[in-house]
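Worksheet: the structure to be examined is printed underneath.
Residue numbers (the working numbering), protein chains in the order written: chain Z, -9 to 359; chain A, 211 to 529.
Following this line, the structure appears as structure tokens:
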């Protein structure tokens, strides 16, 4: 039963503020992913919770108790590092037993605990090996075993699978998920890989420049990014974000992308919602993911003519760059749907997948159609 | 690693192997000379051309260890028969073993000097490497104000040839009573080696990932425990390499030992050559002393050879 709370945390490295008023509440058994580009403050946040980094202001509470003045050894938190940090001079058994030896547990209990956790992680036959004789995946299993063995209040993971190759990363991702479901410990996981974040997290906390940008479930972060940063950071391919103008046109609204002659049709309620959200024309950006751009080979009502520029065949689907006005719109199509670059096709935007952002502040206007 | 080789490369390879063997032989020749002389009878030590084939004997080592004096007259047959085998060896050379009033055998100066060398070299090595390891850890892991300047200052103590300060050191030592004491030499050698030890160990410490200690800290250990349980074992290679270099420096040091000590704390290096000066030198005894003097460094280096090899290349391929 562990809850972690960060309250108004400020942290400076010299003149640089790396954590700006960070507030975060993590409930028991939750799997939180801190996601952001390098240098965004996510690792510093993690290290501050572990006690490896001091904070300049604010409170870190574990189960309601302020711990920011406690040493790491007194916080009862385990951490898995990107570099695995297995002690090279100890074999796997000793590595996993190391945290238990700090607690003066009896020899028999240490032995039993280590073997139990080794069984869960399926590394029982590796216990006598030195870390240098292990594969990357096994090293990470041992590192996780060392973190889990003393049943800490919470588990912190700093890009634990970042150093593995792509295939192994996928396997380990599934394994971490399996372990979390089985052991159910409060976990904070740091990564810059949005796919890892989406697949593992109960809740994603996106950070940039020391600030929390959005704190929500993976589905919500993907479907309703809070601002331009989140919109650009989450999702692959990157969301199309293009400056746009909105005007009433007869019974509906028209959204015209920068430099385009014609606009896409949107429901009339868009205008009212924009007015309510105080979104000013000229300071507006339309965001739409590639799957929200619908492509047709024939001219249909509401579709605009566009020219295909680059086609990226990705096997399961194609990503096609469509030139409209001055901008490119990336669409996701069936494989081979657009046969060749230079082809003239027709596109429309699915209003229910469209996002509107205030370009001045970068914030989403929160309009859902 | 078995890359394809052309015939000319193979020939070149052979030539290189022969060249290495020749160089090795040249380097080993003086050691062979000393070793063979140490086991020669005295009359064969200085023959021209040198004697290569001879019956080895250990009389030079016996003579090295005991105090001897010239015999005025030959010992009687009974005296000779009554003497133990090692004393007979001394008598064979026309000398007798000096005994004190109680009839106890008097040792020569060598065993004492050898012990002094061991005491001074081992203690100063332990001190220099120990202090160097802690200092290097501090510099490597914590933000130290003026780190670069301090490190340069530590290094700068090596920039002056040590002998330049011999006279002032001698006067200072005399004033505080450190002349001809073990501690005097230990302090001196520790001071010489410390800068070297700090710099070498800093390189090794920097190579040990910080995450190891951080993992130990999170695992419930204090920094001190993390240092002893994690950092020290990881630094073993560096410590071994540094210790060998410090030990060799302290063991071989000649100039200060000559100036600062004369009897009580004198080490072997100034003692061995002093034996040349008295009368007709017995080269076999000097060779025996030199050979024994070579052994500790050889043994020490041999024991640490795995660490040393790793340690030397470790530093060489640093990013």
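Beta carbons are placed, not taken as given, at the ideal position from N, Cα and C, and that holds for glycine.
| Check | Outcome |
| --- | --- |
| Cβ pair residue 193/Z, residue 21/Z closer than 9 Å | yes |
| Cβ-based contacts, 7 Å cut-off: residues of the segment 427 to 439 of chain A near chain Z | 427, 428, 429, 430, 431, 432 |
| Proximity below 9 Å, CB of residue 429/A to CB of residue 73/Z | no |
| Boundaries (first-last residue) of the beta strand (DSSP E) holding residue 305/A | 305 to 307 |
| For residue 501/A and residue 324/A, believed in contact at Cβ under 8 Å, the rounded distance | Contact doesn't hold; Cβ gap of about 12 Å is too wide. |
| Contact under 9 Å by Cβ, residue 333/A with residue 377/A | no |
| Residue environment, residue 39/Z, which counts as buried when at least 16 other CB atoms sit within 10 Å | buried |
| Contact belief for residue 451/A with residue 404/A at Cβ below 8 Å, rounded distance in angstroms | Not a contact, Cβ separation roughly 16 Å. |
| Min CB distance residue 78/Z to chain A below 9 Å | yes |
| Under the three-state DSSP convention, the category residue 94/Z falls into | coil |
| DSSP state of residue 113/Z mapped onto helix, strand, coil | coil |
| For residue 218/A, three-class secondary structure by DSSP | helix |
| Secondary structure of residue 238/Z, DSSP reduced to three states | strand |
| Proximity to residue 314/Z [Cα-Cα], best of 147/Z, 183/Z, 338/Z | 338/Z |
| Exposure of residue 526/A, with buried meaning 16 or more beta-carbon neighbours within 10 Å | Low per-residue confidence applies at residue 526/A: pLDDT is 39, beneath 50, and the placement is therefore not dependable, though the value from the model is reported in the following sentence. Label assigned to residue 526/A: exposed. |
| Chain A contact for residue 71/Z (CB, 9 Å cutoff) | yes |
| Pair within 9 Å by beta-carbon distance, residue 248/Z and residue 355/Z | no |
| Whole-angstrom distance between residue 238/A and residue 524/A, CA atom to CA atom | Annotation note: pLDDT 48 at residue 524/A (below 50); position unreliable, no value reported. |
| Chain-ordered residues of the segment 86 to 101 of chain Z with a beta carbon less than 7 Å from chain A | 88, 89, 92, 93 |
| Cβ shell of residue 122/Z (< 7 Å), same chain only, five flanking positions each side left out | 78 |
| From 242/Z, 227/Z, 246/Z, 206/Z, residue whose alpha carbon lies closest to that of residue 235/Z | 246/Z |
| Within-9 Å CB hit, residue 67/Z to chain A | yes |
| Own chain residues within Cβ distance below 8 Å of residue 290/A, not counting five before or after | 298, 301 |
| The segment 385 to 402 of chain A contacting the segment 451 to 466 of chain A, beta-carbon criterion three pairs below 8 Å | yes |
| Cutoff 8 Å; reference residue 341/Z; Cβ partners in own chain excluding five residues on either side | 256, 257, 260, 359 |
| Contact with chain A by residue 319/Z, beta-carbon distance below 9 Å | no |
| Within 9 Å, strictly: CB atoms of residue 412/A and residue 466/A | no |
| Contact list for the segment 35 to 47 of chain Z against chain A, Cβ threshold 9 Å | 37, 40, 41, 42 |
| Contact with chain A by residue 294/Z, beta-carbon distance below 9 Å | no |
| The segment 227 to 234 of chain A contacting the segment 305 to 319 of chain Z, beta-carbon criterion three pairs below 8 Å | no |
| Cutoff 9 Å: residue 453/A Cβ touching any chain Z Cβ | no |
| Chain Z contacts from the segment 411 to 428 of chain A (Cβ-Cβ distance under 7 Å) | 419, 421, 422, 424, 425, 427, 428 |
| Proximity test, Cβ basis, 9 Å: residue 146/Z and chain A | yes |
| Proximity winner among 133/Z, 335/Z, 139/Z, 281/Z, relative to residue 378/Z (alpha-carbon distances) | A query on residue 378/Z cannot be resolved here, the shown segment of chain Z reaching from -9 to 359 and no further. |
| Given residue 513/A as reference, the closest of 475/A, 478/A, 483/A, 447/A once Cα atoms are compared | 447/A |
| Beta carbon proximity, residue 103/Z to chain A, threshold 9 Å | no |
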